[in-house]
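*Asks:*
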Amino acid sequence: DTPSTAPAPHLFPKGFLWGSATASYQVEGAVKEDGRGVSIWDTFSHTPGKTNNGDTGDVANDHYHRYKEDVQLMKALGLKTYRFSVAWPRIFPNGTGAPNPKGIDFYSRLVDQLLANGIQPYCTLFHWDLPQALEDKGGWQSRDTSEAFAAYAGYVAQHLSDRVKHFMTLNEMKSFVDIGYRDGRHAPGLKLSVAKVNQVRHHAVLAHGLGVQAIRAHAKPGVKVGLAENAEACAPVIETAEHIAAARKATREENAGYLTAVLEGKYTDAYLAHHGANAPKFTAADMKAIGSPIDFVGLNNYTTTWVRADSAPAGYAVVPAPASYPHMMSPWLRVGPQGLYWGPKLIAEIWGVKEIYITENGASSTDVLTPDGHVYDTDRVMYLRNYLTQLHRGVSEGVPVKGYFCWSFMDNYEWADGYAYRFGIHYVDFKTQKRTPKLSAHFYKEVIARNGLA
Ligand code: PNW
């Protein structure tokens, strides 16, 4: 028996949901099959010069044909849950209009396969593959896209909610709005003015809100609805009262255009004042929809926003990273495990959120397959162990995180970075489609089996 003086093992609460995640365009391939329409990522990735090495998701992991084998790999890992996304252009090839029955059929079969293997499906409705037909009519610059999203979300909920009990509306509004419509580095590759980007952002949060309402209207009772946002995880530079207070303020203001708007049903005064004449145009009814009650908050977390107390009116300042700050293979992926403690903790405290999932957390690594078939991704294992230690710290203090999804279940199409940036805990040889568990998969399997890090 363990002596009572021994440190408590890093166990998680019974029933903690250990999962892993992917997204449709990043893994499915089969882009022309069974009536799938064109998405903005097909267009963007086929435009010369837009992606690393010209890589596209045409084949990706061929998951569309290999989902049964992939579910067996999930089972071998001991996954309790799997987060996937539905490709809107498979369901409504033109974004609106007549549904394509073969589209929903694929996800229905995937869900059956997961459930038959004891894995709970968590379904994201929009992970960036917008139907090109909608982009041609203005995409997220048009309010019609928010309405079209709601109709699509309601349709999917109606057809899957007999078996899927958790739906997320949009994945990382912040990423697809800022990178796709402001920076132009992701589809649709636009560099819009501040005012136009703010309107796109408003249409994204509005789509979320209308989507929540549509899912509730069409789903079976008892279904839970949330979102998966990469909220800034603001952490105090030092854990003192003044810096912690600053991190709390920063959590609200740094997320004002997205999570704060969703959880408060309003834009903060500081957000509106900051944007002045460029602020989004909206109605009271919009804000009511945006603030529709949700059942859980999903947080995609990779990095930490370090915050200090400051005498400026905002009361805080974001501290820029020194040039020497460590990062994983992706330069933006600066290592900051404390985000997994402070992010959910402050969000739960500020808004009284009762159910949080870490819907993504993971790392890119230069992963090399040895001749005898191993990938010793010790850097990813170190990363995951450190982040999970901070997550455990919060959960053991009562922060209501109910589950964790490692990004990603397998190497996949890393958007504009193509196939060179690997985030998987399974290595994928993209010539043969062979999947190999990395050291990190063996590590994660142990975590799941023990329900913790001990
Ligand atoms: C997320 N950033 O993207 C996405 O949800 C995934 O599809 C993606 O593969 C994964 O994280 C890894 O990149 C992000 O610049 C893209 O902070 C950019 C950032 C964060 C997340």
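Residues in the sequence shown are numbered from 6 upward in steps of one, following mature numbering (1 follows the signal peptide of the UniProt record, and there is no 0). Glycine included, each C-beta is placed from N, C-alpha and C at the ideal position. On a predicted model such as this, the values are computed, not experimentally measured, just so you know.
1. Taking the beta carbon of residue 66 as the centre, do at least 16 other beta carbons fall within 10 Å, making it buried, or is it exposed?
2. State the Cα-Cα distance for the pair residue 315 and residue 378, rounded to the nearest angstrom.
3. Can you give the Cα-Cα distance for residue 69 and residue 43, rounded to whole angstroms?
4. Would you mind working out which of 168, 107, 306, 251 sits nearest residue 319, comparing C-alpha positions?
5. In its own chain, which residues sit with a C-beta less than 6 Å from the C-beta of residue 297, not counting the 5 before and 5 after it?
6. What residue from 313, 19, 25 has the CA that sits closest to residue 245's CA?
7. Relative to the C-alpha of residue 38, which residue among 170, 94, 279, 445 is closest?
8. Between residue 137 and residue 150, what straight-line distance do the alpha-carbon atoms span, to the nearest angstrom?
9. DSSP three-state label for residue 231, please.
10. Reducing DSSP to helix, strand and coil, say where residue 448 ends up.
11. Helix, strand or coil: which one does DSSP assign to residue 144?
12. For the beta strand (DSSP E) that residue 125 lies in, which residues bound it at each end?
13. DSSP on residue 375, reduced to helix/strand/coil?
14. Which term fits residue 243, buried or exposed, when burial requires 16 or more other beta carbons within 10 angstroms of its beta carbon?
15. How about the segment 222 to 242 and the segment 159 to 177: do they share at least three Cβ pairs that are nearer than 8 Å?
16. Give the list of continuous beta strand (DSSP E) stretches no shorter than 3 residues that lie fully inside the segment 32 to 109.
17. Going by beta carbon distance, what residues of the same chain come within less than 8 Å of residue 56, once the five residues before and after it are set aside?
18. What are the boundary residues of the alpha helix (DSSP H) that residue 388 is part of?
19. Is DSSP giving residue 136 helix, strand or coil here?
20. Can you give me the Cβ contacts of residue 122 inside the same chain, cut-off strictly under 8 Å, excluding the 5 residues immediately before and after it?
21. What's the call for residue 368, buried or exposed, on a 16-neighbour Cβ count within 10 Å?
22. Residue 344 and residue 306 - do their beta-carbons sit closer together than 8 Å?
23. Is residue 365 buried or exposed, if buried means 16 or more other CB atoms sit within 10 Å of its CB?
24. Tell me whether residue 180 counts as near ligand 1, meaning its Cβ is closer than 7 Å to at least one heavy atom of that ligand.
25. Apart from the five residues just before and just after residue 431, which ones in its own chain have a Cβ nearer than 8 Å to its Cβ?
26. From this set, 220, 229, 126, 99, which residue's C-alpha is nearest residue 359's C-alpha?
27. What are the boundary residues of the alpha helix (DSSP H) that includes residue 208?
28. Residue 277: buried (16+ other C-beta within 10 angstroms of its C-beta) or exposed?
29. Cα-Cα, which of 206, 99, 197, 394 is closest to residue 157?
30. Cα separation between residue 428 and residue 281?
31. Tell me the residue span of the beta strand (DSSP E) that contains residue 186.
32. So, under 8 Å CB-CB, residue 363 and residue 396 are touching, yes? Tell me the CB distance rounded to an integer number of Å.
*Replies:* Taking the geometry as given:
1. buried
2. Spanning the alpha carbons of residue 315 and residue 378 requires a straight line of approximately 52 Å.
3. When rounded, the distance between both Cα atoms is 16 Å.
4. 251
5. 214, 217, 218
6. For residue 245, the closest of 313, 19, 25 by C-alpha to C-alpha distance is 313.
7. Comparing Cα positions, the closest option is 94.
8. 11 Å
9. Residue state, collapsed to three classes: strand.
10. helix
11. Note: residue 144 maps to helix in three-state DSSP.
12. Run containing residue 125: 125 to 131, per the beta strand (DSSP E) assignment.
13. In this structure, residue 375 counts as coil in the three-state DSSP scheme.
14. Classification for residue 243: exposed.
15. yes
16. 86 to 90
17. 49, 50, 420, 421, 422, 423
18. Start and end: 383 to 401.
19. DSSP places residue 136 in strand when its eight states are reduced to three.
20. Excluding five sequence positions before and after residue 122, the CB atoms of its chain that fall closer than 8 Å to its own CB belong to 76, 77, 79, 80, given in chain order.
21. buried
22. yes
23. buried
24. yes
25. So the list reads 78, 414, 415, 416, 440, 441, 442, 443, 446, once near-sequence residues are dropped.
26. 229
27. Start and end: 199 to 223.
28. exposed
29. 99
30. Answer to the nearest angstrom: the Cα atoms are 39 Å apart.
31. Neither: residue 186 is in no beta strand (DSSP E) and is coded neither H nor E.
32. Contact check for residue 363 and residue 396: beta-carbon distance about 7 Å, within the 8 Å limit, so the pair qualifies.
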